[in-house]
Structures are given as structure tokens and as C-alpha cells.
Amino acid sequence: MTTATIVLDPAFRVAPVNRRTFGTFVEHLGRCVYTGIFEPGHPKADDDGFREDVLALVRELGVSTVRYPGGNFVSGYRWEDGVGPLESRPRRLDLAWKSIETNEFGLNEFMRWTRKAGLEPMMALNLGTRGVQEALDLLEYATHPSGTHLSELRREHGEKDPHDIGLWCLGNELDGPWQIGHKTAHEYGRLAAESARAMKMVKPDLELVACGSSSSGMPTFGSWEAEVLEEAFEYVDHISCHAYYQETDGDLGSFLASAVNMDHFIGSVAATADHVAAKRKSDKRIGISFDEWNVWYQSHMHEAGPRDEWEIAPRLIEDEYNAADAVVVGSLLISLLRNTDRVAVACQAQLVNAIAPIRSEPGGAAWRQTIFHPFALTSRMAAGEVLRAEITAPSVQTAKYGEVPAVDAVATYDEASGDVAVFMVNRHTGSDITVELDARAFGSGSVDEAVGIYEADVYSTNTEAEPERVVPKPNTSVRLDGGKLRAVLPKASWTAVKLSAR
Ligand code: AHR
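Here it is in C-alpha cells:
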């Protein structure tokens, strides 16, 4: 067994914990909406058709903000189809996911659902097949109080009060050749700038997110962000990052180190944005909206090949997650917290059924996937200020990222309560690691909670038949003596420890 040391100090402050780090994403994709959050007729559906069993899990997950309605879906979406009397809502082809969209669930249903779930909405606009006027129309319909054609239409549709939507995405992944309405950086930058400028004429305090690259592996990564911001810098507040990770070719070591890519991704997009600002002699800091991140076995989807049929709510990308995936999700949250001073919003993609922490069956049960647990624990335990951790750890050799420290960690400190939460990952695939953590700067204290995700078989999953196969387990090795903590982190594991410093 090897040893690592971690030093924590209140002086290592990064920024206050941002609740928007714990955002999520609901797209009209597969069964995320239909038979996910919305299933009229389900025994647990409420009067609005929202599944209360799913709502209870959403609350337990501790999500804050929810991006909607896509994703690739939004680039061909007409929001007007999803409002007004149900019987006059049209069925449409959704080209993004080769599905039939019934439009039974639209803007007003979504907003009602966010109110029940207690979530902040983040609305995405269609800048694929549509443009400035449609963006303005949606803004007016959704947020103008009354007295105009579109605000009165909303009121006729039963929503007397304007919707409180302050955070908007200016399209989705328009750098991707798969996207309906794919554009060059220059074309998109102009459209984003014009849409943003017009929207802020209506509501100057909106927070607007320009599309960054759909992954750091895109050939235009870097130049896309630079060109888009050259056009839209004055009018936008944030730029998006999207990243999905998966284990490939049995390379667990690289997979466990996925957060190395996330750190690098955030760093390079922030540097590009700062460069554009410096050229303009502006001190405006463009935030990062990491509005799609998760583990996603994209290779499985490609292996499945194209589908023949156009179906309503087909079973699409319902990845079943294992314990290693949960460790990676925990470590990606460590990265997002560490970058709290730059990451303005982060959305795990997605919420239910499609690459999601929650699974549900039509007419049946809802349960927690493995990746549910590190998210829920981090969201619950992180409070106060994020603290950088000073780590000395042995390295592991990875095929994708070279040598990386075997241990990664971040902490939060809530001065009011005296609580310290420490989130740690052991990325070593073959060795447990003893961590000696110096927390004397917070006083002597006691250990309130020490739990983690670790399994003898890292490929264990939760299923409908066995939904509690992988759950957080107590880490009984944790000892605290005079402010010095000792813990054994099992190989390929994620651990959360809460200390009461008083
Ligand atoms: O989250 C699934 C898809 O991944 C989204 O629709 C798209 O934006 C991304 O490529």
C-alpha cells in the first residue's frame, strides 16, 4: 500500500460553492421526458402527469438548475408546437434522434415541473433552423408580463404570471456537423451576437451562454471559441463546454483519470476567453457553462447502428452505469468544484433514462443508477467556500494522459457551521492508498460521515431487479486525531468525508 498526503487550509480558498455546479439536463431524447419525468396514467403520476417517484429522486439527487429542451433536439424544435390546447399540438419528426415528437410536454409543462422540483430553468434556443425573431418570440411569450400578443397568448394558455427564466443557451453544439443547422464559427458567432443583442434589448439582465465546442476533441476546438467570442463577446456572459467520457478497450486507468481532460478543457477555454478580453482591453470575465458532462458509452450507440423506425419516446442511450463510472462522476465533480471560480454553470447530462443517474420504467419503478450517489453526496455535503487541496501522491501511468497523480481531491469549508467536506478519488487500479490529511488549521474536530463508492468488482451495476447493488459504503478506516486524518482509499474508489471542526 502506498501513501499520499493532503494539506487543507482556509487560506486555500477558490470561491464560494456555486449551487449551479449541480445542474442537470432534460432533453426531448428517448425516454427522458416521456415515461421519464412525465407519464400521465402512471400509478405515481400527479394531476399534471409528473411522476412523483421520479420527482422524489430528483430532489434527493440535489440538482439545482435544469437545461431544457436540448441538446441536439433543440436545433430543429418549434417551441410553439408545445404550447396551447393539447388537441391542437402537432406531431413532428425529430431529426436529431429519429423520433416522433408528440409535443404533449412543452414549455409550460416544463416550467410547472421545475416549480414542483424546485429547480432553476436554463432554456435553450433553436439557432439551428431558426434565428433572432423566433428567439425574441419565445422570450416574449415566456417572460413578458402581459399586454402583448405573445404574453397574452401565454395567459390564455393558463400561465398568468411570466416565467422566471434568466439563463438562456444560444443554441446547441452548432460546431458539430451532425447538428441540424450546423454553422461555421463566423456564421454562428454573428447569429449568437445578434440574438443576444436583441434579447438584452428586451431584458438587459439575462444571462446568455454562447455555444463553445461540442468536445475538446473537435478539429476546430480553440479557434471556434476564439471566433465566436470575437463576434459575441460584448453580448454574452458564458461560453459552453461539453464533455463525455467512457472506458475504451479495457483501459480503466485512463478512464479513471478523465478529470485531467476536464481540468485542461476548462483551463484552455478560459484562456481563450481571457485572450479575447485582453485584446479588447476589457476586464469582463466570460464564465464557463459546462452544460453537458457525464459518462456516456457513445461507442455502444454507434455499434447499435441506425434505427429503421420513427417511434415515440424510443429506448435510446439508456446506459447502465457501473461502480467505475460512479468513481469517474465523483472525480469530475472534484474538477468542477476546483474550477468554481470559473465554472458558472454545470449540467450533468442527462437526468432520467438517457445517460442518466435516474432510471424509470413505463408503468413501473424508478431507481438510482450508480452515478446518482457521488452526485447526491457532493451536492449535499459541499457548503461554504471551495478549498484547493495541496496533494502529494504517487503517480499512475495512463495511456491517454501520461503520468497523473493517483489521488485527486477538493474540499469545502463552511465557516458558519465549522464543517469541512473532503472529496477524494483514488485513481490507482491496483493499489489502495493511505491518505494522511492535515486539517489542523480547522481545529481538532470529529468525523461526522465517511462514505465512498468502492466495489471488489468495479463493473457492478444497479438494475431494476437489484437497484441497491452499488450504494455508498462507510469507510471504516477513517481516523481523526488532533486535526490529522488518516484514511485508506480503496483502489479505484471515490470517498467523501465530513468533518465537524468544532
Ligand atoms: O446529451 C446527449 C447529446 O449530446 C446532446 O443532445 C448533444 O448536445 C450532445 O452531443
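Using the working numbering, the letters of the sequence shown correspond one by one to residues 22 to 523. A virtual CB, placed ideally from N, CA and C, is assigned to each residue, including glycine. Bear in mind the structure is a predicted one, so any value in this text is a computation, not a measurement.
Item, Value
"Using 7 angstroms as the cut-off, classify the Cβ of residue 91 as near or not near the heavy atoms of the ligand AHR, replying yes or no.", "yes"
"Three Cβ pairs or more, each shorter than 8 angstroms: is that satisfied between the region 368–376 and the region 330–340?", "yes"
"Excluding sequence positions up to five away, which residues of its chain have a Cβ less than 7 angstroms from the Cβ of residue 210?", "248, 249, 251, 252 and 253"
"Shorter than 7 angstroms, the distance from the beta carbon of residue 114 to the closest heavy atom of the ligand AHR, or not?", "no"
"Roughly how many angstroms separate the alpha carbons of residue 152 and residue 202, rounded to a whole number?", "11 angstroms"
"Check residue 237 in the structure and name its three-state DSSP category.", "coil"
"Using a threshold of 7 angstroms, is the CB atom of residue 50 nearer than that to any non-hydrogen atom of the ligand AHR?", "yes"
"So is residue 484 buried or exposed if we call it buried at 16+ other beta carbons inside 10 Å?", "exposed"
"Going by DSSP in three states, residue 441 sits in which element: helix, strand or coil?", "strand"
"Buried or exposed for residue 154, going by 16 or more other Cβ atoms inside 10 Å?", "exposed"
"By alpha-carbon positions, which one of 322, 38 and 24 ends up nearest to residue 404?", "38"
"Tell me the DSSP secondary structure of residue 37 in three-state form.", "strand"
"Cβ-heavy atom distance between residue 471 and the ligand AHR below 7 angstroms?", "no"
"Pick from 197, 359 and 388: whose alpha carbon is nearest that of residue 408?", "359"
"Using the C-alpha atoms, what's the distance from residue 162 back to residue 140?", "20 angstroms"
"Does DSSP classify residue 502 as helix, strand or coil?", "strand"
"Leaving aside the five residues before and after residue 468 along the sequence, list all residues of the same chain whose C-beta is less than 7 angstroms from its C-beta, in chain order.", "499, 501, 518 and 520"
"For the beta strand (DSSP E) holding residue 454, just list the boundary residues, first then last.", "454–459"
"Helix, strand or coil for residue 465 per DSSP?", "coil"
"Using the Cα positions of residue 43 and residue 215, report the straight-line distance between them to the nearest angstrom.", "30 angstroms"
"Can we say the region 435–448 touches the region 288–301, given the rule of at least three CB pairs closer than 8 angstroms?", "no"
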